Amino acid sequence: LVGSARVVVAAAVIMFAVFVAFVPEGDSSLKPIALGLAVGVAVDAFLVRMTLVPAVLALLGDKAWWMPRWLDRLLPKLDVEGEAVEREVRLADWPSEPAIAVAADELSAVGSSDAEQPVFRDISLRLGYGGTLLVTGESRTTRTLLLALSGRLAGIEGRLRVDGLLVPERAGAVRARVGVALLDDTADAARAVADAVG
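Counting from 1, one number per residue, gives the positions in the sequence shown under UniProt numbering.
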């Protein structure tokens, strides 16, 4: 808000001056419209944008930026400052091995924001195309790792590239390419795998 204050003030002054110019010298039907627009621009720029919005943001603090999880999942992730592009460029030559379907280095995931211990940590792996990865362990850990490797888990740290796409930056494209079969019910395992692949 501080950086945009000059732009808002300059735009408001210009629009206010243009609209006010029509009030003394203009068509009688145009004068009330011009006056209304001039007052509206002044109130919006100086009262709302310069006073009320910063005050409300200061009162709410971090809660002003809270968003429901369901809405956060629906909205696209915009990389306004280019951090994802910088990371893509920095990791362009990683991994150095050719023909790697899945590569991970120091991959960790925290289950929730209040969790003290990560669900898994320091996972490093290389899986070539046509290879098989067998993950065994506690159900919560293996499920979380599977979701992370398939681009379906947001809270991961470390480096992960799946089918040439860096995760989490390109997680949407990874989700479209990678099927997931959670085999909780072993009686219907074949159908779950068929649904995930097809």
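For each residue, glycine too, the CB sits at the ideal point set by N, CA and C. Fair warning: this is a prediction, and the values are worked out from it, not measured in the lab.
Helix, strand or coil for D44 per DSSP? Reduced to three states, the DSSP call for D44 is helix.
With distances taken from CA atoms, which of L37, V178, A10 is nearest V23? L37
Enclosing alpha helix (DSSP H) for G128 [first to last residue]: That residue, G128, is in no alpha helix (DSSP H); its beta strand (DSSP E) goes 120-128.
Could you spell out the range, first to last residue, of the alpha helix (DSSP H) harbouring R49? Here R49 belongs to no alpha helix (DSSP H), and DSSP marks it neither H nor E.
Determine the extent of the alpha helix (DSSP H) in which E169 is found, giving its start and end residues. Per DSSP, E169 belongs to no alpha helix (DSSP H) and is neither H nor E.
For A103, the residue or residues it bridges with in DSSP: R126, R161
I'd like the list of long-range same chain contacts for A109, defined as Cβ closer than 7 Å, with 5 residues on each side in sequence excluded. In the same chain as A109, and ignoring 5 residues on each side of it, the C-beta atoms closer than 7 Å to its own belong to P118, V119, F120, T144, A148, L153, G155, I156, in chain order.
How long is the line joining the alpha carbons of L166 and D72, rounded to whole angstroms? 20 Å
Ends of the alpha helix (DSSP H) at V8? Element bounds for V8: 5-21.
By how many angstroms is the C-alpha of G40 removed from the C-alpha of F16? 9 Å
My assumption, with CB atoms under 8 Å, is that S150 sits in contact with V180. Please give the rounded CB distance. 5 Å
Assign S139 to one of three DSSP states: helix, strand, or coil. helix
Where DSSP assigns a beta bridge to S108, which residues make up the other side? Paired residues: E157.
To the nearest whole angstrom, what separates the beta carbons of A104 and L160, a pair I think is in contact under 8 Å? 5 Å
For the alpha helix (DSSP H) that V197 lies in, which residues bound it at each end? 189-197
Taking Y129 as the reference, give the member of G82, V193, V162, V48 with the closest Cα. V162
With DSSP as the reference, label K31 as helix, strand or coil. helix
Please identify the residue among L146, A101, K77 whose C-alpha is closest to the C-alpha of G131. A101
If you run the structure through DSSP and keep just helix, strand and coil, what is G36? helix
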